[in-house]
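Single-structure report; data block below.
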Amino acid sequence: MTQASARHILVDTEQECLDLKQSIANGEDFVALAMKHSKCPSGRRGGELGSFGRGQMVREFDEVVFTAPLNEVQGPVKTQFGYHLVEVTARND
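Per UniProt numbering, the sequence shown starts with residue 1, numbered consecutively.
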C-alpha cells in the first residue's frame, strides 16, 4: 500500500493561507510558520502528520498528498477543517 509523509499548516481563511505560502516562497521556514499559525494540533510539531496511507485523510487532502511532487508547498487546499498548505515529505509510490 502506498504510504506518504506530509506536513501542513491549517488556517481559517484562504487569504491567510496565501499569505503564508508567499512567506515560505520568500524564504521563511515552513516548520516555524506551522508552529506559529496552524490551528491543527500538529502545529506544535511543525505541522508534521507522520506516515499514512490512501484514504486515511479527507478526500481533498488525500488527492494532493498522493499526486503532488515531493518537497513543494501545495495549496491552498480547502477542506471541511479550513485551508491547508501541504508539503509532501516522502512517498513510496
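Think of the CB as a built atom: it goes at the ideal place given N, C-alpha and C, for glycine as much as any other residue. Since the structure is predicted, the reported quantities are computational estimates derived from the model, not experimental observations.
DSSP places Phe52 within a strand segment (E or B) once states are collapsed to three. Listed in chain order, the non-local C-beta contacts of Met35 below 7 Å within the same chain comprise Gly43, Arg44, Gly46, local neighbours out to five positions each way being set aside.
CA-to-CA, the gap between Leu20 and Gln3 works out to about 27 Å. Just measuring C-alpha positions, the residue of Thr89, Leu85, Asp93, Arg91 sitting nearest Cys40 is Leu85. Between Arg91 and the set Gln80, Thr79, Gly50, Gly75, the nearest pair of CA atoms involves Gly50.
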